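Numbering (my numbering), first residue to last: 813 to 843.
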């Protein structure tokens with residue numbers, strides 16, 4: 813099993829980050 817690294821680009825909007833947080837059930841997202 814290989815872990816999937818989830819991050820967002822610096823210029824991502826708040827709504828894009830929120831979608832990723834909801835999709836993966838995260839509490840924080842690395843930039």
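Virtual Cβ for every residue (Gly too), placed ideally from N, Cα, C. All values reported here derive from a predicted model rather than from experimental measurement.
With a contact defined as Cβ atoms closer than 8 Å, residue 843 and residue 827 miss out at about 16 Å. The C-beta distance from residue 822 to residue 832 rounds to 14 Å, too long to meet the 8 Å contact threshold. Within the model, the alpha-carbon separation for residue 815 versus residue 836 is close to 13 Å.
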